[in-house]
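Below is one structure, written out as structure tokens, with a few remarks after it.
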């Protein structure tokens, strides 16, 4: 993941173009071979979807009875991908991952609602998951850098368990 200078050409809220910086993430190209009669196909698609991947093609290899499923997955989501695929498909799928390309993440990692329209649409805390922020925080934490984490998420929900008399 790296930062890239962007021009302020975006008019959508939360887009990276409004702040001048964008997050660029690496993607891997994955191919998984799967037997046609196996029941692991749906589980394979579920794992790829859960890891923010996009299926590019699913082709039947003639004469062999096997499927080739081709997908693109962000590198940060590909850690332990092969292990999870094998567990979910009971060892029937054999994934192969190769670096593919760099792609810009459209959401600004530092975006918070600021206008009245944004507060009405997204709320005060912007209850959607900012994928760029999640990726950035994971990398900063892994490298031992400071991460802006709230110690108390929802203070109104916390209470003391024992009452002093």
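In full-length UniProt numbering, the protein residues as written are 1 to 165. Beta carbons: idealized from backbone N, C-alpha and C, even for Gly.
Contact check for residue 25 and residue 148: beta-carbon distance about 20 Å, past the 8 Å limit, so the pair fails to qualify.
Taking the Cβ atoms as the reference, residue 51 lies roughly 6 Å from residue 81, within the contact range of under 8 Å. For the 8 Å CB-CB criterion, residue 34 and residue 89 form a contact. For residue 122, same chain residues with a beta-carbon under 6 Å away, outside a window of 5 residues either side, are 113 in chain order. Taken through DSSP and simplified to helix, strand or coil, residue 97 comes out as strand. Secondary structure within the UniProt domain "Elongation factor EFG" (33 to 107): the beta strand (DSSP E) runs of 3 or more consecutive residues, fully enclosed, are 54 to 61, 66 to 74 and 94 to 105 (chain order).
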